[in-house]
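>
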Amino acid sequence: MKKSELSPNGSSIENLIRQSVKQHGSPIMLIRKSVLEKQCHRFRKSLPQVKPYYAIKANPHPEIIKAFGKLGANFDVASAKEMEIVLNLKISPHRLIFANTIKSIPDIQAAHKAGVNLMTFDNEPELYKIAKHAPRSRVLVRIKVGNAGSIVELSLKFGADPEHAAFLLRKARSLGLVPEGVAFHVGSQCTNIANYTQALEISAQIFKEAKEEGMALNMLDIGGGFPIRHFDREEQLEFEDIARQTRKELTRLFDKKVKVIAEPGRFFVGPSGILVTQVVGRAFRNNKNYYYINDGVYADFSGTIFDHCKYELKTLRRGQKFLSTVAGPTCDSLDIISLTEELPELDVGSVIYVKNIGAYSSASAVPGFNGFASAKTILV
Ligand SMILES: *Cc1c(COP(=O)(O)O)cnc(C)c1O
Numbered sequence: 373m374k375k376s377e378l379s380p381n382g383s384s385i386e387n388l389i390r391q392s393v394k395q396h397g398s399p400i401m402l403i404r405k406s407v408l409e410k411q412c413h414r415f416r417k418s419l420p421q422v423k424p425y426y427a428i429k430a431n432p433h434p435e436i437i438k439a440f441g442k443l444g445a446n447f448d449v450a451s452a453k454e455m456e457i458v459l460n461l462k463i464s465p466h467r468l469i470f471a472n473t474i475k476s477i478p479d480i481q482a483a484h485k486a487g488v489n490l491m492t493f494d495n496e497p498e499l500y501k502i503a504k505h506a507p508r509s510r511v512l513v514r515i516k517v518g519n520a521g522s523i524v525e526l527s528l529k530f531g532a533d534p535e536h537a538a539f540l541l542r543k544a545r546s547l548g549l550v551p552e553g554v555a556f557h558v559g560s561q562c563t564n565i566a567n568y569t570q571a572l573e574i575s576a577q578i579f580k581e582a583k584e585e586g587m588a589l590n591m592l593d594i595g596g597g598f599p600i601r602h603f604d605r606e607e608q609l610e611f612e613d614i615a616r617q618t619r620k621e622l623t624r625l626f627d628k629k630v631k632v633i634a635e636p637g638r639f640f641v642g643p644s645g646i647l648v649t650q651v652v653g654r655a656f657r658n659n660k661n662y663y664y665i666n667d668g669v670y671a672d673f674s675g676t677i678f679d680h681c682k683y684e685l686k687t688l689r690r691g692q693k694f695l696s697t698v699a700g701p702t703c704d705s706l707d708i709i710s711l712t713e714e715l716p717e718l719d720v721g722s723v724i725y726v727k728n729i730g731a732y733s734s735a736s737a738v739p740g741f742n743g744f745a746s747a748k749t750i751l752v
């Protein structure tokens, strides 16, 4: 490595990266606590009447959960294992929602035993399971809503037909469960405001229908989906734009007494993460520089596949850029992070880093595939 690359100069982020590589080596996932706080604060500021439940699947690292716990957030968990991660941090079960509409019986039993009594469902057979194994639970019916324009579809597998929602809630009540209200998810990385406004309209209709049938609903869960910026220079709808509209619609459509919650994942943790890798080998093939780095799509770049995400690859080098390919360390040709990147000339040991990669990255890594570890998470 050229000495200059790891000696201080440039932005504070670059200096943080240099210092961290010197101290810990690589690959490392730096999670900036100040950014976790900032995102939580942005959410609260723009949606003051909405209680956030951080969806831990975006990044279940205990230190991140602890940080959000201290900031007063609640948590969305989807399995007994996720529940255990949160409860082991001495967070009260009353701060959790079990927001997977299809739950195994042992997982429902685990929730009941632990005292997690708020859950979502979207079908009748699930209600029988909940009524039997977690009697008296509070339930939200998750409805199917439009996901158009969201990067990750979350309505293909889940969601009751809105026309059946009131019926399902009545059914829940007849089984001794507490019908709390309605939940939806507009799809992840949603930049289509209409997804939110339409889902709110549909939900309000269900509230009205339920009321006419003598069943007052108390809770609305507006899910996650709030988008972040993956590239520094990117024209994109901001969270604040969505929040402003959502807030207006909530006021217009729902009684003040209705408790509104949300399940942000990506928005809470994505911007805090900086993945720092190093070049382990280089070659010249097909008229391009090929750089092989020590992290790839089987590990912290797993979002390339599962999250349909494209990342902005940055280096600590300045100078003329050349067409390059950046690949991960495994023997699989699928393990290519980018076929065409404009990058300066790099050497073995040079740093390649990515910002805004805190969500759906390390969380979906395949541990140890081909003998390559994923990045160590470090809160800074
Ligand atoms: C994945 C998921 C979330 C988080 O979604 P983001 O788009 O990351 O905010 C919230 N709720 C449920 C039910 C989910 O499946």
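Count the sequence shown with this note's numbering and you get residues 373 to 752, in order. A virtual CB, placed ideally from N, CA and C, is assigned to each residue, including glycine. A quick note: this is a predicted structure, and the numbers were derived from the prediction, not measured.
#1: With the cut-off set at 7 Å, would you say Val643 and Ile600 are in Cβ contact?
#2: Please give me, in chain order, every unbroken run of the alpha helix (DSSP H) with length at least 4 that falls completely inside the stretch 420 to 458.
#3: Would you tell me roughly how many angstroms separate the C-alpha atoms of Leu622 and Leu572, rounded to the nearest one?
#4: Is it buried or exposed for Phe692, if we count other Cβ within 10 angstroms and need 16 for buried?
#5: Let me know if Gly653 comes out buried or exposed under the rule of 16 or more other beta-carbons within 10 Å of its beta-carbon.
#6: What did DSSP end up calling Phe493 once you bin it into helix, strand or coil?
#7: Measuring from the CB of His557, is there a heavy atom of ligand 1 at a distance below 6 Å?
#8: When DSSP builds the beta bridges, which residues end up paired with Tyr664?
#9: With DSSP run on the structure shown, which of helix, strand or coil describes Val550?
#10: Taking 6 Å as the cut-off, is the C-beta of Gly427 nearer than that to any heavy atom in ligand 1?
#11: Less than 8 Å between the CB atoms is what I'm expecting for Lys543 and Glu581, so what's the real figure, rounded?
#12: Measuring CB to CB, does Phe673 end up less than 7 Å from Ser736?
#13: Looking at C-alpha atoms only, which residue of Phe470, Asp448, Gly668 is the closest neighbour of Ile724?
#14: Of the choices Phe598, Gly586, Ile480, whose alpha-carbon is the least far from that of Asn519?
#15: So, helix, strand or coil for Arg510, using DSSP?
#16: Under 7 Å Cβ to Cβ from His680, same chain only, skipping five residues before and after it: list those, please.
#17: In the structure shown, what three-state DSSP assignment does Ile729 receive?
#18: In whole angstroms, give me the CA-to-CA distance for Val651 and Tyr663.
#19: Residue range of the beta strand (DSSP E) that Cys562 falls in?
#20: Using DSSP with H/G/I as helix, E/B as strand and the rest coil, what is Pro643?
#21: With DSSP collapsed to three states, give me the class of Lys629.
#22: Looking at the secondary structure, which residues open and close the alpha helix (DSSP H) in which Pro478 lies?
#23: Over what stretch of residues does the alpha helix (DSSP H) that includes Glu386 continue unbroken?
#24: Whole angstroms are fine: how far does the CA of Phe415 sit from the CA of Val449?
#25: Between the stretch 544 to 563 and the stretch 624 to 638, can you find at least three pairs of beta-carbon atoms closer than 8 Å?
#26: Confirm, please, whether the CB-CB distance from Thr697 to Ile399 is below 7 Å.
In short:
#1: Reading off the sequence, residue 643 comes out as Pro, not Val. The beta carbons of Pro643 and Ile600 sit closer together than 7 Å.
#2: 434 to 442
#3: So the two alpha carbons sit approximately 7 Å from each other.
#4: It should be noted that the sequence gives Gln, not Phe, for residue 692. Burial call: exposed.
#5: So Gly653 counts as exposed.
#6: strand
#7: yes
#8: Gly653, Ala699
#9: strand
#10: Residue identity check: residue 427 is Ala in the sequence provided, not Gly. At least one heavy atom of ligand 1 is nearer than 6 Å to the Cβ of Ala427, so yes.
#11: With a Cβ gap of about 14 Å, Lys543 and Glu581 do not count as contacting.
#12: Going by C-beta atoms, Phe673 is not nearer than 7 Å to Ser736.
#13: Residue Gly668 is the option with its Cα nearest to Ile724.
#14: Phe598
#15: Here Arg510 sits in strand by DSSP.
#16: Ile523, Val524
#17: coil
#18: Rounded to whole angstroms, Val651 to Tyr663 spans 6 Å at the Cα level.
#19: Cys562 -> beta strand (DSSP E) spans 560 to 562.
#20: helix
#21: Three-state result, Lys629: coil.
#22: 477 to 486
#23: 384 to 396
#24: Roughly 19 Å between the two C-alpha positions.
#25: yes
#26: For clarity, residue 399 is Pro in the given sequence; the question names Ile instead. The answer is no: Cβ separation not under 7 Å.
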